[in-house]
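Be aware that the sequence shown starts at 78, since it is given in the working numbering, and climbs by one per residue. For each residue, glycine too, the CB sits at the ideal point set by N, CA and C. Take a look at the structure below.
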Amino acid sequence: METSLKMYRLKYQLPQPFSIATHTWTHLETILVQLHYDHFIGIGEAAPFALSTGETFEYVVSQLQEFKRYTINPNNAPQVFYKLLQDNMNSFHASAALDSAFHDLLGKIINKPVYGLFGNGKNRSPNSVTIPVLGLKETKAYALSIVQNHPQVQLIKMKLENDKINPEIARIIKNVFAENVAYIIDPNQSFNDSRQAIEVLKEIQSILGTVIAIEQPVDKHDYHGLFHIKKQFDGVNIYADESVNGIDELEQLIHMNAVNGVNIKIQKAGGIWKARLLAQRAHQAGLKVMVGSMMEGPLSIAAGIHFASSMSNIEFTDLDSDLFLFQDLNESIFTRSPYIQGMRIPFKKPGLGIEVNERTLENLALQKVLIYEEL
């Protein structure tokens, strides 16, 4: 028996725009992938972000359509599927969706959660909740909503945009959260050079206090800038994010000793399998690893949670976009991975543990609340 591949477009308008230094999202637009085998359905998600990977929504769809010609047999060793992806898939996002769907399917067939395919899944680490680039009043309101909805938060990520940096925003954030909350600063390549980055980041650090990490302060190609910044911060780890998609960039960062750690994302890496290889190489080289996300739905976030739980020595995770999605809808369309005591916990159910209410999706599409259509 062979699998069949189905794809669906999901587009949903966010209750409010979400801004970082380089981009503003007004919608979540992803591709839901289903692998049908016997009475089992494995599900995955592609969340194209051209600014990061160079892949448009249309390109990812075309890559998935072309992949329909290949046979996926979940009864074969997983390495057979990995080799198939390696040899025939030229899209990070499409690979991530297929990888997640495959592992979800395999977990359902053998009655194991996805993390259980790789290990015991008992590894836990704090999960950051992100505050986007906003004005003063909006920042305070956003921070207060986090406290209200997620009072056990341990870690806050503050997005920065070079042209809009206001130390008062950091003071507002610091005043809202408890004293034991730690912080990550994420400029998303916002600074033009390392000297400017160091000056501003040290000021923000002095306000926030416990800053454990700074992500990608300069351009993704500026490895020398990353190295220079790393030398100026004692006790704060500098993480590469946009600088790393695959193994080649990781090896260059290792060679230059440019950073303390790397942010590995399912959507950038091409799935759980490739993400694990990157994490293993990073750990081997003495780098710290965080697990991050883009603007992703519950399926992709769940894959990231299972990946993080299957690995040892994950410093922290940044898997939070699903916490703010679909809250304005009266009906539930996805189950959501637990967020408990400031950590993301994988479901113990077989596969990813995420259930999709297709009937509700179809009804909401008929009401034009969102777009849900087969591709």
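Straight-line Cα distance separating residue j from residue i
| i | j | result |
| --- | --- | --- |
| Asn167 | Tyr136 | 10 Å |
| Asp296 | Asp395 | 21 Å |
| Leu162 | Pro294 | 33 Å |
| Ile242 | Arg436 | 45 Å |
| Phe144 | Ile120 | 16 Å |
| Leu278 | Ala352 | 29 Å |
| Gly196 | Leu221 | 37 Å |
| Leu438 | Leu175 | 21 Å |
| Ala154 | Ile223 | 43 Å |
| Ser96 | Asp115 | 43 Å |
| Leu429 | Leu452 | 23 Å |
| Gln111 | Ile378 | 16 Å |
DSSP state of residue i mapped onto helix, strand, coil
| i | result |
| --- | --- |
| Thr394 | strand |
| Val433 | strand |
| Ala218 | helix |
| His104 | strand |
| Tyr136 | helix |
| Ser96 | strand |
| Asn337 | coil |
| Phe304 | helix |
| Ile149 | coil |
| Lys425 | coil |
| Glu280 | helix |
| Asn226 | helix |
| Leu452 | coil |
| Ser320 | coil |
| Leu109 | strand |
| Ala123 | strand |
Distance CB(residue i)-CB(residue j) smaller than 8 Å
| i | j | result |
| --- | --- | --- |
| Ala98 | Val210 | yes |
| Val368 | Ile349 | no |
| Leu355 | Ile343 | no |
| Glu238 | Ser271 | no |
| Val206 | Val191 | no |
| Asn265 | Lys307 | no |
| Ser398 | Met372 | yes |
| Phe134 | Asn322 | no |
| Ile249 | Leu213 | yes |
| Ala385 | Ser202 | yes |
| Glu106 | Lys83 | no |
| Leu141 | Ile186 | no |
| Gly374 | Glu132 | no |
Buried versus exposed, by CB contacts within 10 Å (16 or more), residue i
| i | result |
| --- | --- |
| Leu443 | exposed |
| Met78 | exposed |
| Val157 | exposed |
Please specify which runs of the alpha helix (DSSP H), each continuous and at least 4 residues long, are wholly inside the stretch 234-276, giving them in chain order. 244-253
Which complete beta strand (DSSP E) runs does the stretch 158-210 hold, if anything under 3 residues is left out? Qualifying beta strand (DSSP E) stretches, in chain order: 205-208.
Please list the segments of the beta strand (DSSP E) lying wholly inside the stretch 348-414, counting only runs of 3 or more residues, in order along the chain. 365-369 and 391-394
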